[in-house]
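Notes follow the structure.
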Amino acid sequence: MTAFVFWVFAAAAVLGATLCILHRNPVASAMWLMFTMFSLAAIFFLLGAELIGILQILVYVGAIMVVFLFVIMLLNLTRASSDLRGPRTVGATVVIIGLLLIELLALWRYTPRRLAADLARSPMLSDPATVFAAGELSRQETAARGVVGGLAGPLFQVYLVPFEITSVLLLTALVGAVVLAKRRI
Amino acid sequence: MPATSLLGPSLGLSAILFSLGVAGVLLRRNAIVLFMCIELMLNAVNLSFIALAQLHGAGGHIMVLFVMTVAAAEAAVGLAIILAIFRLRQSVDLKQINLLQG
């Protein structure tokens, strides 16, 4: 059942992404990208990342895409002619994407058991449960402290310094966006 | 229970979405659509982080939080740059922005 739901949302995500890159109208493109992001949020739920799924909807669909739509509206871009590049670039793109897909689709056949066998130092210890003890540990922590608590613990202990640096990044982006978009400094 | 059996399909879907994002960046000339394709690529990478976080613990989830923050900052600054370029050229077509082509 879980696998069936996964494939439905996977097909929806690929459909949305394809229409996003091919649609002529930027507003429709943005809408299809939102469709993809909603499907990905559903897949995040299936993969046990409930908080990230909610944040995906809140931050990506609710904030970032609204900024995109706002800028499209501000620039009045709705009546655009086709902006695809010429046939030579299209051919080169097909070749590059083909190579990239051949490389990346090797990931398709990965199972936890095979990944564990790749990572383990000796074939005796290649049981996924022993190689990936951290996953089971964090699952128990989530069960004990709730979805948010299981994530907040490591975020404010192990990853505290990157978290604080993120605030500097956001401040820089805020100042930079204001300075760049200002008509006259 | 999370389904760890979906690891391979999740990584494969992430690969497909990432490739579609690269194709969009290479094919389109509209700067705003190009930015959307970059967001698509970031989302695909997020999916592989989440898929592997089932095995490796909460670190993958936290990395996705950071990626989302960087994506938000990048969207804000990038769209401000596009606004500035539009004011200068009255267009967001990348073909018209060719100062570096010499």
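Those protein sequence lines, which keep their order, are chains A and B. Counting in my numbering, the first sequence runs from 2 upward without gaps. Counting in my numbering, the second sequence runs from 30 upward without gaps. The C-beta atom is built at its ideal place from N, Cα and C for all residues, glycine as well. The structure displayed is predicted, hence computed values, not measured ones.
Could you check if F47/B is buried or exposed, using at least 16 other CB atoms within 10 Å of its CB as the buried criterion?
Indexing the second sequence from 1 puts residue 47/B at position 18. The residue in question, F47/B, is buried, as its Cβ has 16 or more Cβ neighbours within 10 Å.
Could you pull the start and end residues of the alpha helix (DSSP H) that S77/B belongs to?
On the second sequence, residue 77/B is found 48 positions in, with the first residue counted as 1. Start and end: 60-85.
Can you look up R57/B in the DSSP assignment and give me helix, strand or coil?
The residue labelled residue 57/B in the question sits at position 28 within the second sequence. DSSP places R57/B in strand when its eight states are reduced to three.
Leaving out five residues on either side along the sequence, give the residues of the same chain with a beta carbon under 7 Å from the beta carbon of F10/A.
Indexing the first sequence from 1 puts residue 10/A at position 9. The residues are S40, A43, I44.
Which residues in chain A sit within 9 Å of V74/B, going by Cβ to Cβ distance?
For the purposes of this step, residue 74/B is taken as residue 45 along the second sequence, with counting starting at 1. Per Cβ cutoff of 9 Å: no residues; V74/B is ~11 Å from chain A at best.
Who are D122/B's beta bridge partners in DSSP?
Reading the second sequence from its first residue, position 93 is the one you call residue 122/B. N59/B, per the DSSP bridge assignment.
So, is the C-beta of A4/A closer than 9 Å to a C-beta in chain B?
Counting from 1 along the first sequence, the entry for residue 4/A is found at position 3. True, the Cβ-Cβ gap to chain B drops below 9 Å.
Paired residues, beta bridge with L36/B - DSSP:
Your numbering for residue 36/B matches position 7 in the second sequence. According to DSSP, which records beta bridges pairwise, L36/B is partnered with nothing at all.
At 9 Å on the CB atoms, spell out the chain A contacts of Q83/B, in chain order.
As a first step, residue 83/B must be located in the second sequence, where it is residue number 54. In chain order: L48, G49, A50, P113, F133, G136, R140.
Would you mind working out which of I61/B, C66/B, R58/B, A80/B sits nearest L42/B, comparing C-alpha positions?
In the second sequence, counting from the first residue as 1, residue 42/B sits at position 13. Among I61/B, C66/B, R58/B, A80/B, the Cα nearest to that of L42/B belongs to A80/B.
Show which residues of chain A have a CB atom less than 8 Å away from the CB atom of I67/B.
Numbered from its first residue, the second sequence carries residue 67/B at position 38. The contacting residues do not exist; I67/B stays about 11 Å from chain A at best.
L161/A in three-state terms, based on DSSP
As a first step, residue 161/A is located in the first sequence; it is residue number 160 there, counting from the start. Here L161/A sits in helix by DSSP.
DSSP bridge partner residues for L85/A (one or two, in chain order):
Along the first sequence, read from residue 1 onward, the residue named residue 85/A stands at position 84. R57/B.
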